[in-house]
Amino acid sequence: MPELPEVEHAARTLRAWLSGRTIQRARAVDTRIFRGGSLGDFERSLPGRTLARVDRRGKYLLLTFEGGVGVMSHLGMTGKWVRRVAGAPSRRRTVPKHSRAHLVLDDGSALHYVDPRLFGQIVVVRAHPVAELAVIQALGPDALVDGVEPGRLHAALARSARPIKVALLDQSVLAGIGNIYATEALFDAGIDPSRPSRSLTRGEVARLAEAIRGVLTLSLGRIEAGEIAYLSEGRGVPNRFVIYDRAGSPCPRCGKVLRKTVLGGRTTAFCPGCQR
DNA sequence: ACGGATGTTCGCGC
DNA sequence: CGCGCGAACATCCG
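Counting in my numbering, the first sequence runs from 25 upward without gaps.
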């Protein structure tokens with residue numbers, strides 16, 4: 025579930041895996057994950073290089089290598105980076121299922137990009153810094169790095185009549201929020217997700233901004249603490265969210281039965297009792 | 001067994 | 001231009 029906290033964790037993990045290492049080999053499978061001439065650039069431009077930095081903007085990972093080659097990696101719905109260590113006494117397969125690309129490092133490890141549904145993207149950029157890609161420039165302030173400034177958010181929300189939940193998913197309004205954290209933050213702030221975004225008062229936007237900060241930092245903390253095995257193989261992990269995917273259960277705040285609706289084509293859980 | 005849903009983004013048509 | 005909808009794909013659940 026790669027939204028901001030999960031992508032931030034992926035960024036930190038990649039930073040640790042790649043720091044001080046040299047890429048020996050790069051291979052990719054020809055899928056639509058690679059746009060333009062990126063597949064060839066991925067295989068040819070990366071070997072011999074070392075990492076300069078890993079950044080995250082919203083849900084986008086930005087890798088910059090010494091010598092001026094950048095890689096943009098977006099995880100889509102089901103993408104993740106996993107590491108395989110040579111000779112590890114593991115019963116896991118050497119090449120993970122649905123591996124679409126991998127980097128072999130000088131310590132013998134291999135970093136695989138795994139993405140069953142192929143909704144992710146990898147773009148290799150040589151002409152300019154990777155952060156100058158149009159998709160990155162189009163992003164609004166990052167919900168974690170830049171913070172959620174209530175006045176600015178209020179101004180952005182005041183321009184549209186679409187539901188507040190849909191506006192929160194718009195990455196040009198605020199970068200990093202996806203379906204789960206939009207649902208959670210609106211519940212936390214006690215705001216009905218179907219309200220027109222421009223109907224929110226300054227006070228409500230301030231509450232929402234605090235709720236967004238809260239749900240993102242809480243989740244990131246839990247991921248970093250190892251409480252959540254996002255990068256591991258395990259599936260069927262229990263739902264750790266407060267109301268996401270809990271329609272039909274009692275509201276943990278007021279006890280009314282949680283309901284669900286569809287906004288912007290996305291399922292949205294909400295409490296009819298305490299979200300106004 | 002099969003229909004319907006699933007974390008994201010983009011492009012099309014109105 | 002704003003918006004709503006479907007498509008891209010594999011897997012899981014009931």
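Heads up, the beta-carbon is just placed ideally off N, CA and C, and yes, glycines get one too.
Quick check on DSSP: helix, strand or coil for residue i?
i    : result
A235 : helix
P296 : coil
G94  : strand
R59  : coil
F265 : coil
V286 : strand
R270 : coil
I47  : strand
G258 : Because the pLDDT at G258 is just 43, under 50, the model does not fix this residue reliably, and the value given afterwards should be weighed accordingly. If DSSP states are grouped into helix, strand and coil, G258 belongs with coil.
T291 : strand
D170 : coil
Looking only at its chain, what residues have a beta carbon closer than 6 Å to the beta carbon of residue i, apart from the 5 residues adjacent to it on each side?
i    : result
L127 : I47, A50 and L135
R219 : I188
G164 : S196, V197, L198 and A199
V229 : P174, L177 and H178
Assuming residue i is part of the beta strand (DSSP E), what are its boundary residues?
i    : result
S133 : S133 to V138
L75  : L75 to R81
T88  : Y84 to F89
Please list the terminal residues of the continuous alpha helix (DSSP H) segment that includes residue i.
i    : result
V53  : No alpha helix (DSSP H) contains V53, which DSSP labels as neither H nor E.
R37  : What sits at residue 37 in the sequence shown is Thr, not Arg. L28 to L42 is the span of the alpha helix (DSSP H), which, as asked, contains T37.
V147 : Here V147 belongs to no alpha helix (DSSP H); instead the beta strand (DSSP E) covers Q145 to V149.
L181 : P174 to L181
V159 : A158 to Q161
Suppose the cutoff is 7 Å on Cβ atoms and the five residues either side in sequence are ignored; what does the same chain contact list for residue i look like?
i    : result
V239 : Y205, E208, A209 and D212
V172 : L198, A233, I236 and R237
S69  : V93, V148 and R150
D131 : R45
F265 : I204 and E208
D54  : L63
Nearest by alpha-carbon distance to residue i: which of the options is it?
i    : options                   : result
Y137 : R222, S43, I57 and D269   : I57
L38  : R108, N263 and T55        : R108
T285 : A182, V261 and V190       : V190
G272 : T292, E156 and P262       : T292
L87  : A162, P153, I267 and G64  : P153
V281 : Q299, S184 and L287       : Q299
A158 : M96, R73, R222 and C278   : M96
G297 : R277, R290 and G72        : R277
R231 : I146, V53 and G214        : G214
D65  : R226, A162, I146 and T225 : I146
H98  : A35, P71, A112 and L181   : A35
R290 : V261, T225, P217 and R183 : P217
G111 : K121, S133 and H122       : S133
Using a Cβ-Cβ cut-off of 8 Å (strictly less than) and excluding sequence neighbours within five positions of residue i, which residues of its own chain qualify?
i    : result
G200 : E27, L28, V31, G82, K83, D166, A167, L168 and L240
R141 : G100, M101 and T102
R186 : P220, S221 and G288
F143 : G100, M101, T102 and G103
P274 : K280, V281 and L282
Does the ligand HEM have a heavy atom nearer than 8 Å to the CB of residue i?
i    : result
M101 : The model depicted lacks the ligand HEM and carries no ligand whatsoever.
Complete runs of the alpha helix (DSSP H) confined to the region 187 to 216 [at least 4 residues] | Taking only runs of at least 4 residues, the alpha helix (DSSP H) segments lying wholly in the region 187 to 216 are 188 to 193 and 203 to 213.
Within the region 98 to 130, ranges of the alpha helix (DSSP H) (whole runs, at least 4 residues) | None, since the region 98 to 130 contains no complete alpha helix (DSSP H) of that length.
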